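Input: a single structure, listed below in structure tokens.
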Amino acid sequence: MPIVNPDYAISAVADVDAVPEILAFYEKHRTKGVRKVNYDEVKKLVEDGLFYVARSTEDDSIVATVYVSEQKNATGTLEHEIGGGLVGEEHRSAGLSKCLGVCAIAAQRLATPRDKDSNDAMPTLIARVECSNKAPIRQALRALGFKRKRVRKIKDKPGLDDMQKDADGNVCVEEFEFDDAKLEQRLADALSYRDDGVLTTHPVRKTVRIDVHALNPNAFGDPLRDP
Ligand SMILES: CC(C)(COP(=O)(O)OP(=O)(O)OC[C@H]1O[C@@H](n2cnc3c(N)ncnc32)[C@H](O)[C@@H]1OP(=O)(O)O)[C@@H](O)C(=O)NCCC(=O)NCCS
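In this note's numbering, the protein residues as written are 4 to 230.
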């Protein structure tokens, strides 16, 4: 039964007109732990259907964000990165990052075409945390089913300006990978958000309406396509 009068609504941003609002949200809640994104990057993510926001149903303002981007890793293999996770201070610990993560994982994992040359493997879904970031992001990633795999130094990525760097200009990041054994649980979570809309009951009950349909096509493909 769809939830009536939820506290939040989750959607994949469909209109590039919302890009300035997204950038204003990042600016307002600016934190060193979140890589800076620019207009063109966010516009591309929105056009690709890969930028997710939570809005307060009180005033329709953006209160939380996450996106999925595509890149090649150090060995030239395609990987997807979940990033840009930011929740407005007054909305934290209500389960919003978990819910956004669940929606992004479900949409990405259901839409990504399997690679016929690699035993139907899907590109690895990774997340990176700047080593000195004190936010509870590691707990949030573990709650989603990510495992910490390695520590890396990165340099050649835009938006690292505010992050702590070593003498060679490298940013230290902890790299996490999504454990696909947890996919079924995340899909069950997505259905539970959709059906009962409960984000948290502690300390107060917060609810959510899911306007992301994991079966909508996005840049990774169309989950209803012919095999
Ligand atoms: C990290 C961040 C995104 C978490 O968002 P959130 O909506 O408050 O997290 P959730 O409420 O969805 O909680 C997700 C998990 O993290 C854990 N968690 C959340 N806040 C926590 C806290 N203060 N202490 C310990 N664990 C915490 C929860 O227990 C939950 O796990 P569970 O479902 O197993 O109980 C948020 O704190 C934030 O925006 N921080 C600043 C920006 C940042 O550094 N982002 C990460 C960039 S890599």
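Note that beta-carbon positions come from the ideal geometry of N, C-alpha and C, so glycine has one too. Given the structure is predicted, the values throughout are model-derived calculations rather than measurements.
message: I'd like the ranges of any alpha helix (DSSP H) spanning at least 4 consecutive residues and lying wholly in the region 29-78.
response: 42-50
task: Determine the contact status of residue 147 and residue 13, defining contact as a CB-CB distance below 8 Å.
output: no
query: Mapping DSSP to helix, strand and coil, what is residue 218?
result: coil
- prompt: Looking at the structure shown, is residue 100 part of a helix, part of a strand, or coil, going by DSSP?
  reply: helix
query: Does DSSP classify residue 135 as helix, strand or coil?
result: coil
- prompt: Unbroken beta strand (DSSP E) runs of length 3 or more, entirely within the region 175-205: which are they?
  reply: Within the region 175-205, the complete beta strand (DSSP E) segments of 3 residues or longer fall at 201-203, listed in chain order.
- request: May I ask you to report which of helix, strand or coil DSSP gives residue 105?
  value: Residue state, collapsed to three classes: helix.
- prompt: Given that a residue counts as buried once 16 or more other Cβ atoms are within 10 Å of its Cβ, and exposed if not, what is residue 23?
  reply: Residue 23 is classed as exposed because its beta carbon has fewer than 16 other beta carbons within 10 Å across all chains shown.
query: Apart from the five residues just before and just after residue 197, which ones in its own chain have a Cβ nearer than 7 Å to its Cβ?
result: 213
query: How should residue 144 be labelled, buried or exposed, when 16 other C-beta atoms within 10 angstroms of its C-beta is the threshold for buried?
result: Buried.
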